[in-house]
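Undergrad: Numbering (this note's numbering), first residue to last: 1091 to 2129. A virtual CB, placed ideally from N, CA and C, is assigned to each residue, including glycine. Pasting a structure here, questions to come.
Below, the structure is given as structure tokens:
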């Protein structure tokens, strides 16, 4: 009797302790501030669902694709507001549960890449290999290839063999398959593809596997760009976690948490990818099994309220164990009710989990108890076992026609994890880092092209160096790197890596071009002293001086890595105003000398800015000469200078002409005129001369006050943007034969508007250079924006690009906060009406919004000092000074291209717009030399590509001493006809594209070059479909 009472008492105590724990969990969730690892909000009111969906007939039709209708966003909004359906309480019938252990490993966040590897990741991978080898029932999935690569370099042959066996047996599954788990909001599509390519190549080389499932659980919102890349590289499933909970609730109520993601231009399903969205907020164990976190914690050995491994060995605890495991099973049935089949994925993991022996052993012991108990108890009608994402897809397909799943088109941006806490701040956080990463990407692209196409640069060293740069480019796409959401010390580590590898790529470019120039020269070089051949960088913050104190002549090599010719103005800082410039044909060009400012209040008397008009053919070089002349013998007309609202009275007027400011300030060339207010330097209107069109546009420099919720991730302003600049800005004007510019200087911000008197699309835009420094007391807890207010009747519609790959239509939502109407702009943003279009092109990513009709605002920088509670643990205490480059493009919707301004879901840019953006994303490279070579120009390609077609990636691989493999991806952008003619059906002959090499074969492949789709016949031309990317491998023999 006493023994029975003790058993009953013990059971009662355990039950009470469990109830107390659940109560504590509930109280903690109510009292703690919002945190990403805490509460779930399935009942949030839905305001807008940025998706399109339609129910698909599951019956397939042999031999043809069944048409799918798409529901508009307007209809979806109405459906969302009227939605009253709910998820069934639990799934009835037999349920299969696949347990998927995982560990999310950030390659930099609170610690640096190397620190995380040394302290966490090496242990995780060592233990995964040893534990899975012993416990043959367990599985594990891994996503970050960069860490796998680091581990592989250190592992001995035994460990390598053990891991390879686990991979081939399907128990250690490599998912995602990227170098990192990249951000999807502020990254560029070329960099996203690069990190896939290098990871797939390495995985294929070392493991002979190619990932087929994507695992994207931590990026802060999801873009359609990665699903496109995944679908075109053979992926069959994508798991995407961070979808706003309010959208998840609606999707769950319709059982649409699994769907087919299709690109907006795709009519035939060529881009379809089956996607799975977990129903709960986060990827941690607490929210893995069902809607009740307190029950799911029974599966987390670091937080479990009751240790099953201890309870099970005590007498009289059978009912307790049954109650606990029954609670877990009940949660799993609730989770299963969200889907159209009876398979449940149970991902068990979190940040840097499974890094100790204890955790592996304890987790296996607990799961072994639960699996055995459920599988051997018929009342649960449930089967549990370990599995992988590949296993999950196979089981789902046994029950469900995935090709008939709901169809979605669009993105999941912006992301919110809690009510009105929108993760739109990181679109603009640490812009100097975003610019540095984009610059690294630009330089890598140029280096890849010139190193790949030059027959003279076949050294192992240059290939290894470019591979190392590719690794760094890929690392920077990590969702805590380019986003600016890491600790300050980690940001510094990223910046150092980006700078070092940018310089490495620059050295490869200089070496490649130097070899070409020397090989093509008709004579030996003429060198005065030590030969100089180095990259020249014009920087407003740190000018690189081209000095004539010790020599009278410099040779400048301009390098164009685009497949189109271009007219541009290139600037240099020099130490004399007496110079003349000749182009690569020996013709003197009309250059311009402008003042060089030492500060906002002082003009230098020793340095000047030389501007040179450059014309350079596609994929080529051009060598110009800058020569010192006798004093006042340059023949260059003096630049006109005017000053207002500042103290720049000291001026070398023997070099420049002083002019008076009239009633208005005007920049004008043969294409466009821009008029500014003479008092505050604000843009007032633009005049398009070709179409005789006047567009009102006012520029405003404003700030939002940061609330305590604002931080690295969250944008939560206190009210509307307002002006804080009480005094009038300083205005500085320089006008000459080549360029005109108006410089407007506020505290911490200088805006320079420029027009160029040249040919081509770059002469049709207003170039805006923004020098920003918010690291001053006046900018604390402020978020700085540049707003343009126009008379364009945009009616709340804004178009922003997704990763530079395509555009998405955004609608202003009045019933949501300002932050909810901010979107990422990777390269451009557009407003338009039936008569005009206004595009802002940017050199790197920003957050943008259109809060009123005719308005477009760009966030330049932000300095919220509070931590927003998302795990970083610090505010944006500093932001380095940086330079942003914008191009303002105004286009008239003429009779010929009227359709471009029709409001529709599928936005297409003009050909002019494509070129302007290309110029900004791939600037001309400048090399300075003291060596004279008789080379007028040199082209890498035999013919230019169509204007709408660009080279995405290019890589050369050595096959033998005289044979190479050239791998390239081409992207044909969708456009409307405007200005430069239609390239709709322009074929490309890859057989004759590359110069100085004999082509052996041409094959079309997958985007990561792992699968050959077809071999092209000799001389066969290719026709690329608009919007698509196509990969080719070209066999080359050097001649």
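(1) Can you give, in chain order, each stretch of the alpha helix (DSSP H) that sits fully within the segment 1423-1475 and has at least 4 residues?
(2) Less than 8 angstroms between the CB atoms is what I'm expecting for residue 1508 and residue 1440, so what's the real figure, rounded?
(3) Note down the Cα distance separating residue 1465 from residue 1191, rounded to an integer number of angstroms.
(4) Would the segment 1897-1904 and the segment 1280-1295 be scored as touching if the rule is three or more Cβ pairs under 8 angstroms?
(5) Once the 5 residues before and after residue 1463 are set aside, which same chain residues still bring their CB inside 6 angstroms of it?
(6) Would you call the segment 2096-2106 in contact with the segment 2029-2036, where contact means no fewer than 3 C-beta pairs closer than 8 angstroms?
(7) Residues in the same chain with beta-carbon distance under 7 angstroms from residue 1270, minus the five sequence neighbours each way, listed in chain order, please.
(8) Is the CB-CB distance between residue 1695 and residue 1633 below 7 angstroms?
(9) Grouping DSSP H, G and I as helix and E and B as strand, with all else coil, what is residue 2057?
(10) What do you get for residue 1475, buried or exposed, if any count of 16 or more other CB atoms within 10 angstroms of its CB means buried?
(11) Check this for me: beta carbons of residue 1717 and residue 1760, under 7 angstroms apart or not?
(12) Please check the pair residue 1495 and residue 1349, which I expect to be a contact at CB under 8 angstroms, by giving their CB distance rounded to whole angstroms.
(13) Could you spell out the range, first to last residue, of the beta strand (DSSP E) harbouring residue 1649?
(14) Cutting at 6 angstroms between CB atoms, please list the residues of its own chain near residue 1925, excluding the five before and the five after it.
(15) How long is the line joining the alpha carbons of residue 2040 and residue 1854, rounded to whole angstroms?
(16) Quick check: the Cα distance between residue 2120 and residue 1239, rounded to an integer number of angstroms?
(17) Count the C-beta pairs between the segment 2008-2028 and the segment 1527-1541 that are closer than 8 angstroms, then say yes if the count reaches three, no if not.
(18) Which residue or residues does DSSP assign as beta-bridge partners of residue 2119?
(19) Considering only residues of the same chain and omitting the five flanking positions on each side of residue 1672, which have a CB-CB separation below 6 angstroms?
(20) Please report the Cβ distance between residue 1727 and residue 1827, rounded to the nearest whole angstrom; I am assuming they are in contact, meaning their Cβ atoms lie under 8 angstroms.
(21) Where does residue 1525 sit, in a helix, a strand or coil, going by DSSP?
(22) I'd like to confirm the pairing. Which residues does DSSP put opposite residue 1918 in its beta bridges?
(23) One question on the structure: do residue 1329 and residue 1366 come within less than 7 angstroms of each other, judged by their Cβ atoms?
(24) If residue 2138 and residue 2000 are in contact, beta carbons under 8 angstroms, what's the gap, nearest whole angstrom?
(25) What residue from 1757, 1491, 1769 and 1258 has the CA that sits closest to residue 1817's CA?
(26) Taking the alpha-carbon positions, what's the residue 1363 to residue 1513 distance?
(27) Does DSSP put residue 2044 in a helix, a strand or coil?
(28) So what does DSSP say about residue 1540, is it helix, strand or coil?
(29) Quick one: give me the first and last residue of the beta strand (DSSP E) that residue 1890 is part of.
(30) I need the DSSP call for residue 1561, collapsed to helix, strand or coil.
(31) Looking at the structure shown, is residue 1371 part of a helix, part of a strand, or coil, going by DSSP?
(32) In terms of alpha-carbon separation, which member of 1534, 1712 and 1680 lies closest to residue 1646?
(33) As a quick exercise: from 1931, 2076, 2049 and 2019, pick the residue whose alpha carbon is nearest that of residue 2005.
(34) Let me know the secondary structure DSSP gives residue 1730 once reduced to three states.
(35) Determine whether the beta carbon atoms of residue 1778 and residue 1832 lie at a separation below 7 angstroms.
(36) Give the straight-line distance between the Cα atoms of residue 1890 and residue 1977, rounded to the nearest whole angstrom.
TA: So, to answer that:
(1) 1447-1465
(2) Not quite, the Cβ-Cβ distance comes to about 19 angstroms (not below 8 angstroms), so this is no contact.
(3) 19 angstroms
(4) no
(5) 1415
(6) no
(7) 1197, 1234, 1236, 1285, 1564, 1565, 1567 and 1568
(8) no
(9) strand
(10) exposed
(11) Not in contact: residue 1717 and residue 1760 (Cβ atoms no closer than 7 angstroms).
(12) 5 angstroms
(13) For residue 1649, the uninterrupted beta strand (DSSP E) segment begins and ends at 1643-1650.
(14) Excluding residues up to 5 positions away in sequence, 1983 lie with their Cβ nearer than 6 angstroms to the Cβ of residue 1925 in the same chain.
(15) 21 angstroms
(16) One C-alpha to the other measures close to 28 angstroms.
(17) yes
(18) Answer is 2061, bridged to residue 2119.
(19) 1678 and 1715
(20) 6 angstroms
(21) helix
(22) Answer is 1931, bridged to residue 1918.
(23) yes
(24) Only positions 1091 to 2129 of the chain appear in this structure, which leaves residue 2138 out of reach.
(25) 1769
(26) Within the model, the alpha-carbon separation for residue 1363 versus residue 1513 is close to 26 angstroms.
(27) In the structure shown, residue 2044 adopts extended strand secondary structure according to DSSP, grouped into three states.
(28) helix
(29) 1887-1892
(30) helix
(31) coil
(32) Checking every option, the nearest Cα to that of residue 1646 belongs to 1712.
(33) 1931
(34) strand
(35) no
(36) In this structure, the straight-line span from the alpha carbon of residue 1890 to that of residue 1977 is close to 15 angstroms.
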